[in-house]
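J.: In our numbering, the protein residues as written are 5 to 170.
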Ligand SMILES: [Zn+2]
């Protein structure tokens with residue numbers, strides 16, 4: 005049986021229900037993590053952060069054990085990553101360490117793509133098939149983990165979305 009991921013009190017699923025039809029186990033885990041993410045980023049029942057899924061085809065997707073998140077807060081993950089890279093580049097041009105750190109913290113605070121990735125990484129429990137890495141891939145996997153050795157091919161395949169499986 006596969007069910008849609010439901011909106012919560014602090015997050016709202018913006019995509020059609022059939023974009024994320026998943027197992028009960030995955031739905032509950034995602035809803036738990038997204039609720040915490042929504043709360044940590046200052047959302048509430050009057051203003052909920054938007055999440056947009058697109059259906060996947062291969063592997064865990066076939067049996068509803070995976071989702072692909074393409075947008076958060078109305079902006080695509082590829083755009084969040086570009087903003088992140090631009091901020092990192094601006095940081096690298098600042099010689100003063102304290103200023104550089106403050107600027108990086110500012111970007112960490114406002115970048116919803118990065119924050120969603122970190123929330124999924126630190127609060128969620130995802131599938132780890134024997135002999136395979138933890139099934140969380142996205143634009144930040146090489147820099148943030150959990151699988152920093154991700155191949156160029158796989159990283160490129162996840163430059164515009166986050167994939168998680170359970
Ligand atoms: Zn996927």
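From the three backbone atoms N, C-alpha and C, an ideal C-beta is built for every residue, glycine too. Values in this document were obtained by computation on a predicted structure and should not be read as measured data.
Between residue 166 and residue 150, which are expected to be in contact by the criterion C-beta below 8 angstroms, what is the C-beta distance as a whole number of angstroms?
T.: On the chain shown, position 162 is the one that residue 166 refers to. On the chain shown, position 146 is the one that residue 150 refers to. With 8 angstroms as the limit, residue 166 and residue 150 do not qualify as a contact, their Cβ atoms being about 13 angstroms apart.
J.: Among 32, 125, 55 and 147, which one has its Cα closest to the Cα of residue 42?
T.: Indexing the chain shown from 1 puts residue 42 at position 38. Of the listed residues, the one whose Cα sits closest to residue 42 is 55.
J.: Straight-line CA distance for residue 129 to residue 93?
T.: If you number the chain shown from 1, residue 129 lands on position 125. If you number the chain shown from 1, residue 93 lands on position 89. Between residue 129 and residue 93, the C-alpha separation is close to 32 angstroms.
J.: Could you check what DSSP says for residue 24 in three-state terms: helix, strand or coil?
T.: Residue mapping note: residue 24 aligns to position 20 of the chain shown, counting from 1. Coil, per DSSP.
J.: Among the residues of its own chain, which have a CB less than 6 angstroms from the CB of residue 34, if the five just before and after it don't count?
T.: Here residue 34 refers to the residue found at position 30 of the chain shown. Excluding positions up to five away in sequence, the list reads 9.
J.: So, do the stretch 138-147 and the stretch 112-127 have three or more beta carbon pairs nearer to each other than 8 angstroms?
T.: Contact holds: three or more Cβ-Cβ distances are below 8 angstroms.
J.: When the Cβ atoms of the stretch 5-25 are set against those of the stretch 98-107, are three or more pairs found closer than 8 angstroms?
T.: Verdict: no, contact absent.
J.: Give every residue of the same chain whose Cβ lies closer than 6 angstroms to the Cβ of residue 11, excluding the five residues on either side of it in the sequence, and list them in chain order.
T.: Walking along the chain shown from the start, residue 11 turns up at place 7. Within the same chain, residue 11 has close Cβ partners 17.
J.: What residue range does the alpha helix (DSSP H) around residue 58 cover?
T.: As a first step, residue 58 is located in the chain shown; it is residue number 54 there, counting from the start. Where residue 58 is concerned, there is no enclosing alpha helix (DSSP H), although the beta strand (DSSP E) it sits in stretches over 53-58.
J.: Closest by CA to residue 127, which one among 13, 31, 14 and 36?
T.: For the purposes of this step, residue 127 is taken as residue 123 along the chain shown, with counting starting at 1. Nearest C-alpha to residue 127: 36.
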